[in-house]
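In my numbering, the protein residues as written are 1 to 312. Worksheet: one structure, shown below.
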Ligand SMILES: [Fe+2]
């Protein structure tokens, strides 16, 4: 199945359902609660024309940029809390400042837009990194567990999120080339299929005591949190299991989505299993959504896992 969208207004968007059901056409008149529920069910909210303004000169500048060639810098990243850009091979200080300003602007625009578009999430969300992805995904050389072209659900490998959700907003700034994704079944469906071959997780901590004394101490000292949590470990194991499972990769149900130049899309990447087959030059902003603010908490991976293994 492929997205085919013509003659839509700037305020229109399509909800591409990844469970095999038909795409839904919608507009900004839709209530935020309905949009959130479609996202939480595994929909991809797709804007054929991006709601974000990126000037022609900023676009040109981004298309000329290079990323540091290193496996540990998967993308160029803007970290809003620290207000810095990492993973960037700057030719000059002026280039470094311009990239910083463009990335910070994308972060601000997406945050302002989603604050009303997805209002239920905005009170307690945590805006995470904005990234710029200048490398062609087709044929990209990465270690197996970091490959983007293998279908997976996202997890946070080193910064625990304890059951909160990973929402990502992408914009294709390539002037001519589509960004091509394949998706398969939702995490909800895959968990039912594979729960008996995965090791059951250790009991989850309640939200109030989810941070260990050590993590709290690190936080008080202004240092980064370390380690993981049973929830985060399970999601990382599931991510690795899918990527390492050749039978699943070859035989799972797949939909193909082509996101053309100047389009944007947003998706819970911990629910929608996905891979990137090709495409170069995309901007992305991640938000960690507080699990208490979900409109369909029963669809949250943490609650699906608790139900699947009879955990409290
Ligand atoms: Fe991913």
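We treat Cβ as the ideally placed atom computed from N, Cα and C, and that holds for glycine. Only a predicted model underlies this, so the values are computations on that prediction, with no experimental measurement involved.
{"Check": "Rounded straight-line distance, which links the Cα of residue 46 to that of residue 26", "Outcome": "10 Å"}
{"Check": "Rounded separation between residue 82 and residue 264 - CA only", "Outcome": "26 Å"}
{"Check": "Supposed close pair residue 237, residue 198 - CB separation, criterion 8 Å", "Outcome": "7 Å"}
{"Check": "Beta-carbon proximity list for residue 100, same chain, < 6 Å, skipping 5 on both sides", "Outcome": "85"}
{"Check": "Neighbourhood of residue 77 by C-beta distance below 6 Å, restricted to the same chain and skipping five residues each side", "Outcome": "86, 87, 129, 131"}
{"Check": "Range covered by the beta strand (DSSP E) that runs through residue 323", "Outcome": "Nothing about residue 323 can be read from this structure; the chain reaches only from 1 to 312."}
{"Check": "Runs of beta strand (DSSP E) lying entirely within the region 280–304, each at least 3 residues, in chain order", "Outcome": "282–289"}
{"Check": "Supposed close pair residue 164, residue 289 - CB separation, criterion 8 Å", "Outcome": "6 Å"}
{"Check": "Residue 169 CB to nearest heavy atom of ligand 2 below 7 Å", "Outcome": "Ligand 2 is not among the ligands present in this structure, which contains only ligand 1."}
{"Check": "Residues near residue 192 in its chain [Cβ-Cβ closer than 8 Å; skip 5 each side]", "Outcome": "308"}
{"Check": "Contact between the region 167–182 and the region 272–285 (3+ Cβ pairs under 8 Å)", "Outcome": "yes"}
{"Check": "Nonlocal neighbours in the same chain, by C-beta distance under 8 Å from residue 234, ignoring five residues either side", "Outcome": "198, 201, 305"}
{"Check": "Pairwise C-alpha distance: residue 186 and residue 205", "Outcome": "25 Å"}
{"Check": "Identity of the residue in 31, 29, 32, 38 nearest residue 22 by Cα", "Outcome": "38"}
{"Check": "Beta-carbon proximity check, residue 194 vs residue 156, cutoff 8 Å", "Outcome": "no"}
{"Check": "For residue 30, the nearest candidate out of 41, 13, 20, 44 (CA to CA)", "Outcome": "13"}
{"Check": "In DSSP terms, what residue 135 is bridged to", "Outcome": "None, per the DSSP bridge assignment."}
{"Check": "Heavy atom of ligand 1 within 7 Å of residue 95 beta-carbon", "Outcome": "no"}
{"Check": "CB contact flag (residue 122, residue 292, <8 Å)", "Outcome": "no"}
{"Check": "Residue 174 versus 252, 301, 280, 65, residue with shortest Cα-Cα distance", "Outcome": "280"}
{"Check": "Cβ-based burial, residue 284 [other Cβ within 10 Å; buried from 16]", "Outcome": "buried"}
{"Check": "Residues near residue 249 in its chain [Cβ-Cβ closer than 7 Å; skip 5 each side]", "Outcome": "150, 151"}
{"Check": "Residues that residue 46 bridges to, as DSSP identifies them", "Outcome": "14, 265"}
{"Check": "Test item: CB-CB of residue 188 and residue 299 under 8 Å", "Outcome": "yes"}
{"Check": "For residue 147, three-class secondary structure by DSSP", "Outcome": "coil"}
{"Check": "Nearest-residue set for ligand 1, Cβ under 7 Å from any heavy atom", "Outcome": "148, 152, 154, 269, 274"}
{"Check": "The beta strand (DSSP E) enclosing residue 25, as first and last residue numbers", "Outcome": "24–27"}
{"Check": "Continuous beta strand (DSSP E) stretch holding residue 258: start and end", "Outcome": "255–259"}
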